[in-house]
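Numbering (the numbering used here), first residue to last: 343 to 756. Backbone N, C-alpha and C fix where the C-beta goes; we use that ideal spot for every residue, glycine too. Being a predicted model, the structure only gives us computed values, none of them experimental. What follows is a set of notes on a single structure, which appears directly below.
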Ligand SMILES: [Ca+2]
Ligand SMILES: [Ca+2]
Ligand SMILES: [Ca+2]
Ligand SMILES: [Ca+2]
């Protein structure tokens, strides 16, 4: 249904494509946007967004350091498709892709609350396709980007909330980018909002999803500066799908459905001990002291792959921590003879040296200032003091706790 108020829609009869490289505030992002009548109208933008995120990862329950995930809805069985609801955690457990959905709950029906999300029916099922079972006009109103199923919140809400997890777990996660395909966007009402793990709204995407009456629209954002998306809220038009909400009714009603979701690989939102691959789970890892070079042997818990790394010299003490703040453990050793800490950043492989501590000190790195980043810290057996450099502001903390002969828990294995 086209709208008389929508002069912008006429411009969008021609497909358009753009990418903006934005630097609003501190966040750097690439935004891919396109709209038009057919899948071909948005294909290039979708493919560029895929390339921004990286390799498509398999949905086999594993977790990866990088790459992307996709949901095209087409593999969902008829039994989990409209008129039946899809479970909110279907794409975290049934088909583990690390997302869960929520929306305003539907009405009470015989003591239960209706699940508000639906995947549209297949032609073979006999149920009208593209939500024609909800309202007969919808089959003609909506288009699929990837045939033939599409997705909606229904029937009580036009707002969808997406949160991220390490696939097949309840470990909270974040992503570096998110994009989605929309169909029959007639007004600027349809938009996405991204939130970081502190609940703050990120400044991208910078505008509404572009308009394409009875067509397809795409919007996707990839952050390139380390900004992480913890939650996505999507507003679909200005009304939920329902038998009474025929698109264009009174030149007001704008219903919108969705097709493909594309997003970065979900990574643990916090650092977990001995987690070298960022799936929020400790990795089996040993440090083998050598004559000269020492070696690290790690089984990445997310993908069951092995990493072997040479780092450290005879007499060094391996320690665990995330000093560069990317939630992955960094290869780090404390050298008692010099009181130096040597590490390889997990984020960029950069080599770093920090002087902190004396010979005989116990290295006890940890996040003592609650900023999510590991602090350099030692416990000194000779005076029973903790000496900490706070990662948040570089300030030094000295706290007497313990007596000579005690063993600090963080360094108990040393
Ligand atoms: Ca519409
Ligand atoms: Ca791990
Ligand atoms: Ca790290
Ligand atoms: Ca800290």
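Within 10 angstroms of the Cβ of residue i, are there 16 or more other Cβ atoms? Answer buried if so, exposed if not.
i           : result
residue 692 : exposed
residue 669 : buried
residue 639 : exposed
residue 497 : buried
residue 523 : buried
residue 558 : buried
residue 724 : exposed
residue 477 : buried
residue 547 : buried
residue 424 : buried
residue 554 : buried
residue 749 : exposed
residue 677 : buried
residue 365 : Note that residue 365 has pLDDT 43, beneath the 50 cutoff, so the model's placement of it is unreliable and no number is given.
residue 513 : buried
residue 434 : buried
residue 526 : buried
residue 409 : exposed
Could you give the distance in angstroms between the alpha-carbon of residue i and the alpha-carbon of residue j?
i           : j           : result
residue 388 : residue 603 : 10 Å
residue 700 : residue 707 : 14 Å
residue 745 : residue 738 : 21 Å
residue 627 : residue 675 : 14 Å
residue 416 : residue 491 : 5 Å
residue 718 : residue 565 : 29 Å
residue 544 : residue 517 : 13 Å
residue 662 : residue 469 : 55 Å
residue 683 : residue 440 : 36 Å
residue 339 : residue 592 : The structure shown does not extend to residue 339, since the chain spans only 343 to 756, so no value can be given for it.
residue 635 : residue 751 : 28 Å
residue 537 : residue 563 : 13 Å
residue 422 : residue 505 : 21 Å
residue 742 : residue 729 : 9 Å
residue 648 : residue 625 : 10 Å
residue 481 : residue 644 : 41 Å
residue 499 : residue 568 : 33 Å
residue 472 : residue 597 : 13 Å
residue 350 : residue 437 : For residue 350, the pLDDT reaches just 37, beneath the cut-off of 50, and the residue's location in the model is therefore unreliable, although a value from the coordinates is still provided. When rounded, the distance between both Cα atoms is 39 Å.
residue 432 : residue 412 : 14 Å
residue 659 : residue 696 : 14 Å
residue 710 : residue 732 : 7 Å
residue 521 : residue 595 : 24 Å
residue 577 : residue 606 : 21 Å
residue 613 : residue 734 : 16 Å
residue 348 : residue 528 : Confidence in residue 348 is poor, its pLDDT being 40 and thus under 50, which makes the residue's placement too unreliable to answer from.
residue 571 : residue 396 : 17 Å
residue 383 : residue 665 : 45 Å
residue 763 : residue 494 : Outside the displayed range of the chain (343 to 756) lies residue 763, so it cannot be described from this structure.
On the DSSP bridge list, what partners appear for residue i?
i           : result
residue 480 : In the DSSP output, where bridge partners are listed per residue, residue 480 has none listed.
residue 305 : The displayed coordinates of the chain run from 343 to 756. Any statement about residue 305 would go beyond what the structure contains.
residue 603 : 413, 522
residue 704 : 721
residue 727 : 722, 742
residue 562 : 374, 521
residue 515 : 506, 610
residue 444 : 503
residue 697 : 682
Quick one: does the C-beta of residue i sit closer than 7 Å to a heavy atom of ligand 5?
i           : result
residue 608 : Among the ligands present in this structure, namely ligand 1, ligand 2, ligand 3 and ligand 4, ligand 5 is not found.
Contiguous beta strand (DSSP E) assignments of at least 3 residues, all confined to the segment 618-691: If only uninterrupted beta strand (DSSP E) runs of at least 3 residues are considered, those enclosed by the segment 618-691 are 626-630, 635-642, 647-655, 659-661, 673-677, 682-686.
Closer than 5 Å to ligand 3: residues, by C-beta to nearest heavy atom, in chain order: Those residues are 664, 666, 668, 670, 672, 688, given in chain order.
Nearest-residue set for ligand 1, Cβ under 7 Å from any heavy atom: The set, ordered by position in the chain, is 343, 483, 526, 527, 528, 579, 589, 596, 597, 598.
Within the segment 371-399, ranges of the beta strand (DSSP E) (whole runs, at least 3 residues): Listed in chain order, the complete beta strand (DSSP E) runs (minimum 3 residues) inside the segment 371-399 are 371-378.
Under 5 Å, CB to nearest heavy atom of ligand 2: contacting residues: Going along the chain, the residues that qualify are 617, 619, 621, 623, 625, 643.
Complete beta strand (DSSP E) runs within the segment 529-600 (minimum length 3 residues, chain order): 533-537, 554-565, 573-577, all fully within the segment 529-600.
Under 7 Å, CB to nearest heavy atom of ligand 4: contacting residues: Listed by chain position, these are 709, 710, 711, 712, 713, 714, 715, 716, 717, 732, 733, 734.
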